[in-house]
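Following this note's numbering, the numbering of the sequence shown begins with 7 at its first residue and continues without gaps.
The beta-carbon is built from N, C-alpha and C at its ideal position, and this holds for glycine as well.
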Amino acid sequence: MSTQTAKPIRLGGVLYAADTPKRNALLDFATDLQKRGWHVCGLTQELAYDTHGEKIGLDAIDIKTGERFALARPSKEDRTAGSCGFDVSRLCDASRALNNAIEEQADLLIVEKFGEREQDGNGLAEEIVAAALVGIPTLVAVPASALETWNNFTGRLGTLLPHDIDKLWDWWPKSNLYKDLCLDVPDIPVRSLSIGPKTILVETAFGCGAAPNPNAMETTDVPATVSLRELALKIHQDADPLDHALGCAALLAHTNRYEQKGSDKSGLDHFKGSSDSVLVVGDFPRHRDYAAHTHFISTENALPHLGTHAYDGLILPAHTFMDHSLPLFLSAKGNAQTLLVGPITPLSPRLFNYGIDMLCARIIEDPAEAKTMVEAGASVNELKKVSRYITLEKE
């Protein structure tokens, strides 16, 4: 018997009206993810023009390959008869892009659009259902006039979304942030790997990352030739605590590089002097002036609390990233401006798309001394004297 866990259905209907000014959110979102290394497939639609700039019909475009399919090329006779000249055989050809996406288990499937044929249960309707049922996140452009038909088609299992790229990012699973960060890590050599009783240190030619050693183990079976990307993927793929910590340290060796620049202001002072209501999670010092209305709460009690309370600001400790509770906080935070603060915060702008507004962390500047300290039993916090503190803010 298979023990594989079934994937949840993630189906989004992206609504647009005839007067929606620019209907490019789906393509822009797909392009952003492709540039980050995600496997995105599907079809968009685009009006076709001749060399004189005259409209001649409609094309479907394969997002992955760029191949164009001439869906409609109405002749004079078609126009006279009021026909759009739609070529069903070309739609069948285009549907290969969706079938390939299902076979390849794409990270995201885009379908533009839920047109008249799909509304009748034809066209690409079968492929949309098939992709959703196997757990491929699927976004479909839905005309507002077809909303009720869409609801009947999906059984209201999908999510309705406005035609806005920020809302599409909100829909994208927060748990994907780990893979997203790993996709940015280069396949370069690891210069040294040090495992002390309290800290794991990963060094490359470009940066040095440190993460807490979860169980004081000082040995590992990691091959000497392992690349930084292979090591970083452990935070996304492995459940073993030591491997997970190795992945975190490797990831930080990339995101918190020596060359990284940013403000030196403390994130803990971000709301200072404001009238905002701010929730401070974890063991941050309580004597500081955070905001006019500050509420302190332990990490273990914070998630249930956020389910029933709303805040203007949220300060999260960096260990929520390492212990994988960060996606849960980002899903529960509502509209709160969110800061991730601590030495193991990844300084990656990619996190801004997942709902974080400010990243506050340290960059190790003296890797040789850091290595000596780690091997002597120093904690991550004790590496402060060989580090500098910087803050990155969402623009």
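Residue nearest to residue 20 within the set 78, 39 and 171 is 171 (criterion: CA-CA distance).
Residue range 332-338 is occupied by the alpha helix (DSSP H) that includes residue 335. By the criterion of a C-beta distance shorter than 6 Å, residue 343 is surrounded in its chain by 319 and 363, once the five residues flanking it on both sides are discounted. In this structure, the beta-carbon distance from residue 177 to residue 165 falls below 8 Å. Boundaries cannot be given for residue 358, as no alpha helix (DSSP H) includes it and DSSP labels it neither H nor E. Distance from the CA of residue 26 to the CA of residue 272, rounded to the nearest whole angstrom, comes to 41 Å. Around the beta carbon of residue 34, fewer than 16 other beta carbons sit within 10 angstroms, so the residue counts as exposed. Counting other Cβ atoms within 10 Å of its Cβ, residue 359 reaches 16 or more and is therefore classed as buried. If only complete runs of 4 or more residues are kept, the stretch 68-142 shows the alpha helix (DSSP H) at 82-87, 94-100, 102-110, 122-125 and 131-139, in order along the chain. Pairing residue 298 with residue 275 gives a Cβ-Cβ distance that is not under 8 Å.
Rounded to the nearest whole angstrom, the C-alpha separation of residue 222 and residue 381 is 12 Å.
With contacts defined by Cβ atoms closer than 8 Å, residue 262 and residue 334 do not form a contacting pair. Of the candidates 329, 304, 339 and 321, the residue whose Cα lies closest to the Cα of residue 314 is 339. With respect to the C-alpha of residue 233, the residue from 243, 253 and 246 having the closest C-alpha is 253. CA-CA distance, residue 134 to residue 395, rounds to 48 Å. Sorting 204, 72 and 356 by C-alpha distance to the C-alpha of residue 377 places 204 at the top. With a minimum length of 4 residues, the unbroken runs of alpha helix (DSSP H) contained wholly in the stretch 173-243 fall at 183-189, 234-238 and 240-243.
C-alpha of residue 293 to C-alpha of residue 119: approximately 55 Å in a straight line. Ranked by Cα distance from residue 259, the options 95, 241, 305 and 210 are led by 210. DSSP links residue 343 through a beta bridge to 319. Going by beta carbons, residue 296 and residue 286 fall inside the 8 Å limit. Rounded to whole angstroms, the gap between the alpha carbons of residue 214 and residue 195 is 13 Å. The shortest CA-to-CA distance from residue 107 to any of 375, 144 and 301 is the one to 144.
Judged by their CB atoms, residue 208 and residue 138 are not nearer to each other than the 8 Å cut-off.
The Cβ atoms of residue 63 and residue 79 lie closer than 8 Å to each other. When C-alpha distances from residue 321 are compared across 398, 365 and 337, the shortest belongs to 365.
Taking a 10 Å sphere around the C-beta of residue 94, we find fewer than 16 other C-beta atoms and assign the residue as exposed.
Within the stretch 237-307, the alpha helix (DSSP H) runs of at least 4 residues that lie entirely inside it are, in chain order, 240-243 and 247-261. In this structure, the beta-carbon distance from residue 336 to residue 180 falls below 8 Å. Judged by DSSP in its simplified three-state form, residue 329 adopts coil rather than helix or strand. Per DSSP, residue 399 is one residue of the beta strand (DSSP E) stretching across 393-399. Relative to residue 326, the option among 202, 351, 61 and 302 whose CA is nearest is 351. Counting of Cβ neighbours within 10 angstroms places residue 162 among the exposed residues, the total staying below 16. Distance check between residue 392 and each of 400, 386 and 372 places 372 closest, using alpha-carbon atoms only. Of all alpha-carbon atoms in 399, 112 and 96, the one lying nearest the alpha-carbon of residue 36 is that of 112. Exclusion of the five residues before and after residue 277 leaves 284, 296, 297 and 319 as the residues of its chain whose Cβ lies within less than 7 Å of its Cβ.
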